[in-house]
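Respectively, the protein sequence lines represent chains A and B. Per our numbering, the first sequence starts with residue 83, numbered consecutively. Per our numbering, the second sequence starts with residue 83, numbered consecutively. Glycine included, C-beta positions come from ideal geometry on N, C-alpha and C. Remember, it's a predicted structure, so these values are computed and weren't measured experimentally. Report on one structure; see the data block that follows.
There are 2 protein chains.
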Amino acid sequence: MQKHVIIVAGGKGSRLGSILPKQFTGVCGKPVLIHTFDPFVRYSPELQFTLVLPEKYISVWERICREHSFNIRHRIVAGGPTRFHSVKNALKALPPSGLVAVHDGVRPVITPGLVSRVFHFAERFGTAIPVVPVRESVRLVDHALSTACPRNRVRIVQTPQCFRSEMLINAYNKNYREEFTDDATVVEAEGERLFLVDGEHSNIKISTDTDLLIAKALLQHGKTKADFDS
Amino acid sequence: MQKHVIIVAGGKGSRLGSILPKQFTGVCGKPVLIHTFDPFVRYSPELQFTLVLPEKYISVWERICREHSFNIRHRIVAGGPTRFHSVKNALKALPPSGLVAVHDGVRPVITPGLVSRVFHFAERFGTAIPVVPVRESVRLVDHALSTACPRNRVRIVQTPQCFRSEMLINAYNKNYREEFTDDATVVEAEGERLFLVDGEHSNIKISTDTDLLIAKALLQHGKTKADFDS
């Protein structure tokens, strides 16, 4: 079965101490985005990649690829105003067969094991959404009030989220709504059942300088010991 | 106003690759627990500390203090079977006046700014509970089903949680219930209103090897730049 990967790096924002958007920031000698490809390629060299970038940074990325001799084949697509629009753009040229995993470009710290897991379960059940439990207490706020939420019911949702390609393409064939914070919510809006799989605690999403520091520590460690704690 | 700090390190568990419970694990040349005292002492040398330890590790801790010339004055109290019982034990000898902050021993990465914030707001409003928003999507599970939860309503709860001492002592004058996952839930069960304050994303709770690696990176960085990202 053909396996596609969409890496979404359409963000133009840089909350980090850098002029470039965070997906291009260097960590352990390479831009975040090059690290992000790595566990997918280690899982299988046969994957078909689509990378979504802000239009104005496509030439920057092409220069980065040359500088780092990064030669993994991938199709480049221009992003849209939101993540939803970016994924929708990427899906336009995708064949409606096989499986597709959608992954955030700023999540470079995942293992090939996680990639394997989402493809495996999506093939069996149609969807595979990686989640992790929270170890802290959780509250739900409503204006000035808040209420405790049983933490054993709470799951933090990660990527890569994997789907049968046809299902995801159909799901994205609608207009943007604010509650579409990930692909799972878009697919769920079609009445599809989501199959949750184990994510990885080390699978952090880089937004801030602190996150970059954490990613660096995890990537350095990962060089010697990849699947140390999922 | 007198200010007390209870550091709760009653856990005997070690999911880390070490024989000692995780609060004693060395990071950046010192046990986690010594790092944990540091931001409080930097906030004010006048704080009154109570440290809750598993009874069988009290002598281990005393030896650690001698080895590391750790001479911050603190009262030691034996822990109980749960965090609730540990805090309850610590409160027994506390005067019912002033403020008390309760902090997890395995949260060594906080700033003096956070300590200041919880004391400041607890003095004004009676309670101060540090929370951070989540940046990922969130789902609530119920057996095999899950539903999306609006992430802008979700807050992850941290420590130090600060209270008027009398309020916390009264709140703990009851029996343990399973939903008491932190001090806020115990106080809330008395009908008290909780005042939420900004926590810090870097305030991680060490449970696994990955967490220890992250704590190390953050503590190393903190040596040169303390309040880099809250």
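query: Could you name the residues that DSSP lists as bridge partners for C231/A?; result: V220/A
query: Taking only the alpha-carbon atoms, compute the straight-line gap between C244/B and A271/A and give it to the nearest angstrom.; result: 42 Å
query: Run the CB neighbour count on S168/A, radius 10 Å, all protein chains shown included, and call it buried at 16 or more, exposed below.; result: buried
query: Any beta-carbon of chain B closer than 8 Å to the one on H156/A?; result: no
query: Quick one: is I101/A buried, meaning 16 or more other Cβ sit within 10 Å of its Cβ, or exposed?; result: exposed
query: Which same chain residues end up closer than 6 Å to V214/A when comparing Cβ atoms and leaving out the 5 residues on each side of it in sequence?; result: I238, G281, H283
query: Can you name the residues of chain A whose CB is closer than 8 Å to the CB of S289/B?; result: R217
query: Let me know if K256/A comes out buried or exposed under the rule of 16 or more other beta-carbons within 10 Å of its beta-carbon.; result: exposed
query: Give the interface partners of R233/B over in chain A, defined as CB-CB distance under 7 Å, in chain order.; result: T263
query: I need the DSSP call for D186/B, collapsed to helix, strand or coil.; result: strand
query: Under DSSP, the alpha helix (DSSP H) around Q313/B begins and ends at which residues?; result: A query on residue 313/B cannot be resolved here, the shown segment of chain B reaching from 83 to 312 and no further.
query: Alpha carbon to alpha carbon, what distance is there between K138/A and H86/A?; result: 25 Å
query: To which residues of the same chain is K372/B closer than 8 Å at the C-beta, ignoring the five residues directly before and after it?; result: Residue 372/B is absent from the model: chain B starts at 83 and stops at 312.
query: Quick one: what does DSSP say C110/B is sitting in, helix, strand or coil?; result: coil
query: Any C-beta of chain A within less than 8 Å: which residues of the segment 140-174 of chain B qualify?; result: none
query: Give me whichever residues DSSP pairs with F131/B in a beta bridge.; result: V87/B, H156/B
query: DSSP state of L102/A, grouped into three classes?; result: coil
query: When you compare only the Cα positions, how much space is there between G92/B and I154/B?; result: 19 Å
query: On the three-pair Cβ rule with 8 Å, is the segment 247-254 of chain A touching the segment 176-187 of chain A?; result: yes
query: List, in chain order, every chain E residue whose beta-carbon is nearer than 8 Å to that of S284/A.; result: Checking the listed chains, one finds no chain E in this structure; the protein chains it contains are A and B.
query: Please state whether DSSP places P194/A in a helix, a strand or coil.; result: helix
query: Please say whether P190/B and L294/B have beta carbons closer to each other than 8 Å?; result: no
query: For the structure I just gave you, are there three or more beta carbon pairs, one from the segment 141-149 of chain A and one from the segment 201-218 of chain A, closer than 8 Å?; result: no
query: In terms of alpha-carbon separation, which member of K298/B, F277/B, T164/B, F152/B lies closest to H225/A?; result: F277/B
query: May I ask which residues mark the beginning and end of the alpha helix (DSSP H) holding A175/B?; result: Taken as a continuous stretch (DSSP letters only), A175/B belongs to no alpha helix (DSSP H), as it is neither H nor E.
query: Are the beta-carbon atoms belonging to P136/B and T193/B less than 8 Å from one another?; result: no
query: Could you compute how far the alpha carbon of T107/A sits from the alpha carbon of R235/A?; result: 35 Å
query: Less than 8 Å separating the beta-carbons of M83/B and L181/B?; result: yes
query: To the nearest angstrom, how far is the alpha carbon of V142/A from that of I286/B?; result: 35 Å
query: When you compare the CB positions of T267/A and A160/B, do they come within less than 8 Å of one another, or not?; result: no
query: What residues are listed by DSSP as bridge partners for D280/B?; result: V213/B
query: With a CB to CB cut of under 8 Å and the five nearest residues on each side skipped, what residues in its chain are close to I140/B?; result: I158, A160
query: According to DSSP, is R246/A helix, strand or coil?; result: strand
query: For Q105/B and chain A, any beta-carbon pair shorter than 8 Å?; result: no
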